[in-house]
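My numbering puts the first residue of the sequence shown at 12, with every later residue one more than the last.
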Amino acid sequence: MYAVIEAGGKQYRVQPGDIVQIEKVEGDVGSPFKFGNVLMVGKPGNDSTQIWLGKPFLNGAAIEAEIVGQGRGEKILIVKMKRRKQYRRTQGHRQFYTQLLVTALDNGAGEKMNLSSDDKKVKLAKFQSHLAPKGPAMTPKTLGSRVRMARARAALGKDGAAAAKAAAPKKAEAAPNAAAAKKAPAKKKAE
Numbered sequence: 012m013y014a015v016i017e018a019g020g021k022q023y024r025v026q027p028g029d030i031v032q033i034e035k036v037e038g039d040v041g042s043p044f045k046f047g048n049v050l051m052v053g054k055p056g057n058d059s060t061q062i063w064l065g066k067p068f069l070n071g072a073a074i075e076a077e078i079v080g081q082g083r084g085e086k087i088l089i090v091k092m093k094r095r096k097q098y099r100r101t102q103g104h105r106q107f108y109t110q111l112l113v114t115a116l117d118n119g120a121g122e123k124m125n126l127s128s129d130d131k132k133v134k135l136a137k138f139q140s141h142l143a144p145k146g147p148a149m150t151p152k153t154l155g156s157r158v159r160m161a162r163a164r165a166a167l168g169k170d171g172a173a174a175a176k177a178a179a180p181k182k183a184e185a186a187p188n189a190a191a192a193k194k195a196p197a198k199k200k201a202e
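Following this line, the structure appears as structure tokens:
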């Protein structure tokens with residue numbers, strides 16, 4: 012069974028077990044959330060599909076979900092420009108969002124579909140592993156600054172910092188030709 016819901020001015024097709032990202036709603040991670048604005052419920056069958064349509068919403072239909080994440084989306088840039096007038100303005104925006112795990116679907120006609128606790132654990136574990144970092148970043152290119160690099164080395168401990176120092180080339184070994192070029196005497200001008 013699936014449903015089409017309205018949230019934040021947008022419509023989403025959901026079924027139990029889906030993780031859906033919607034506009035921000037208030038609530039802590041792990042707290043329940045209930046959708047009341049159900050536009051349509053469908054139940055696919057072998058020969059045909061049963062559909063319950065709302066005008067605009069279905070009476071008695073409800074979707075139960077659990078908040079699994081709160082965050083912000085990617086930054087979008089807003090650029091305003093007027094040609095030949097030296098007028099340029101740039102602004103960034105990051106939208107707040109909430110991620111929900113759909114746990115139950117009730118069509119309002121007495122039929123209800125729930126997500127089993129085992130399936131819920133699997134979905135949450137998969138979602139959490141997707142968010143978890145893969146390991147400490149060790150290059151300034153991915154970290155972005157020397158300060159964060161030093162913090163990462165400190166987090167590894169003395170052994171990690173010693174190994175990173177040993178792996179780095181020394182200045183004298185890295186550029187022997189540069190040191191020789193600096194010591195060359197300067198030519199005198201002819202009188």
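No residue lacks a Cβ here, since even glycine has one placed at the ideal position from N, Cα and C.
Distance between beta carbons of residue j and residue i, contact taken as under 8 angstroms
i, j, result
"residue 123", "residue 117", "5 angstroms"
"residue 76", "residue 52", "Not really, about 15 angstroms apart at Cβ, beyond 8 angstroms."
"residue 81", "residue 40", "7 angstroms"
Residue i vs residue j beta-carbon contact at 8 angstroms
i, j, result
"residue 14", "residue 89", "no"
"residue 16", "residue 49", "yes"
"residue 105", "residue 93", "no"
"residue 135", "residue 31", "no"
Nearest candidate by alpha-carbon position, reference residue i, set the options
i, options, result
"residue 36", "19, 128, 119", "19"
"residue 64", "112, 120, 80, 166", "120"
"residue 46", "24, 60, 54", "24"
"residue 61", "127, 12, 83, 69", "12"
"residue 83", "95, 103, 68", "103"
"residue 29", "101, 126, 167", "126"
For residue i, the first and last residue of its enclosing beta strand (DSSP E)
i, result
"residue 125", "123–125"
"residue 18", "13–18"
"residue 82", "73–83"
"residue 115", "107–117"
"residue 86", "Premise fails: residue 86 is in no beta strand (DSSP E) and is neither H nor E."
"residue 21", "21–25"
"residue 54", "49–55"
"residue 43", "43–46"
Residue i burial status per 10 Å Cβ neighbour count (16 or more: buried)
i, result
"residue 107", "exposed"
"residue 33", "buried"
"residue 114", "buried"
"residue 21", "exposed"
"residue 66", "exposed"
"residue 55", "exposed"
"residue 43", "exposed"
"residue 27", "buried"
"residue 137", "exposed"
"residue 91", "exposed"
"residue 109", "buried"
Closer than 7 angstroms: residue i CB and nearest the ligand COA heavy atom
i, result
"residue 77", "The model depicted lacks the ligand COA and carries no ligand whatsoever."
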